[in-house]
Amino acid sequence: MGTSVQHALEQLKTTGVRITPQRHAILTYLVESMGHPTADDIYRALEPNFPSMSVATVYNNLKMFIEAGMVRELTYGDNSSRFDANVSDHHHVICQSCGKIEDFSYPSLEDVGKQAEKSTGFEVKGLRMELYGLCKSCQ
């Protein structure tokens, strides 16, 4: 188990959340896959090991992880929400053919938020950038 999974489990324990086998498996899958899965992806991957687990269990746990600040929900148009265990500031590039999502960082994008604050008077709380194209497999 990676240190980020251990850290996340410790974070949950400090909030008084009971670590069930299903909760542990969902969190481990999210942290280790880094593939921005949907709730259905997570359910299908874990169902062989947890045949009594329901899709609702996955959704309920994802909601709790989001509320704890451990996971971000990514919504893109009419598609199913995807979930990201990387809650650090970063952006996404999305394949228009297969839907694959990859993380990328570009530090100078922080300047965009500062410039927006300066020119509009807004207090910028976040920045979300999505680039669309075709991944190597779909080109």
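Sequential numbering from 1 applies to the sequence shown in this note's numbering.
Built from N, CA and C at the ideal position, the CB exists for glycine as well.
All of these numbers come straight from a predicted model, not from anything done at the bench.
Residues near residue i by beta carbon distance below 8 angstroms, same chain, minus five either side
{"i": "Ser80", "result": "Thr38, Ala39, Asp40"}
{"i": "Val124", "result": "Gly113, Lys114, Ala116, Glu117"}
Length of the line joining the Cα atoms of residue i and residue j
{"i": "Asp103", "j": "Gly16", "result": "31 angstroms"}
{"i": "Thr28", "j": "His36", "result": "13 angstroms"}
{"i": "Lys118", "j": "Met34", "result": "35 angstroms"}
{"i": "Gln22", "j": "Thr120", "result": "46 angstroms"}
{"i": "Cys95", "j": "Met129", "result": "14 angstroms"}
{"i": "Ser4", "j": "Gln11", "result": "10 angstroms"}
{"i": "His91", "j": "Asp111", "result": "14 angstroms"}
{"i": "Arg18", "j": "His24", "result": "10 angstroms"}
{"i": "Leu109", "j": "Leu62", "result": "29 angstroms"}
Residue burial classification, residue i (beta-carbon count within 10 angstroms, cutoff 16)
{"i": "Phe122", "result": "exposed"}
{"i": "Leu195", "result": "No answer is possible for residue 195: it lies beyond the span of the chain, which begins at 1 and ends at 139."}
{"i": "Ala56", "result": "exposed"}
{"i": "Arg82", "result": "buried"}
{"i": "Asn49", "result": "exposed"}
{"i": "Ile42", "result": "buried"}
Identity of the residue in the options nearest residue i by Cα
{"i": "Ser54", "options": "Ile26, Leu30, Ala68", "result": "Ile26"}
{"i": "Met70", "options": "Cys98, Tyr76, Asp89", "result": "Asp89"}
{"i": "Met64", "options": "Pro48, Lys13, Ser105", "result": "Lys13"}
{"i": "Tyr132", "options": "Arg18, Tyr106, Tyr76", "result": "Tyr76"}
{"i": "Asn60", "options": "Ser97, Thr20, Pro51", "result": "Thr20"}
Beta-carbon proximity list for residue i, same chain, < 6 angstroms, skipping 5 on both sides
{"i": "Arg72", "result": "Asp84, Val87"}
{"i": "Ile66", "result": "Glu73"}
{"i": "Ala8", "result": "Leu27, Met70"}
{"i": "Ser97", "result": "Leu134, Cys138"}
Residue-level contact to chain B via CB, residue i, 7 angstroms cutoff
{"i": "Ile26", "result": "The structure shown contains no chain B, having only a single protein chain."}
Near the ligand SAM: residue i beta-carbon under 6 angstroms from a heavy atom
{"i": "Arg44", "result": "Only the bare structure without any ligand can be found here, which leaves the ligand SAM out of the picture."}
Beta-carbon contacts of residue i that lie in its chain and below 7 angstroms, excluding the five residues immediately before and after
{"i": "Lys100", "result": "Cys135"}
{"i": "Ala45", "result": "Tyr29"}
| message | Could you tell me which whole beta strand (DSSP E) segments of length 3 or greater appear in the stretch 65-133? | response | 72-74, 82-84, 91-95, 101-104, 130-133
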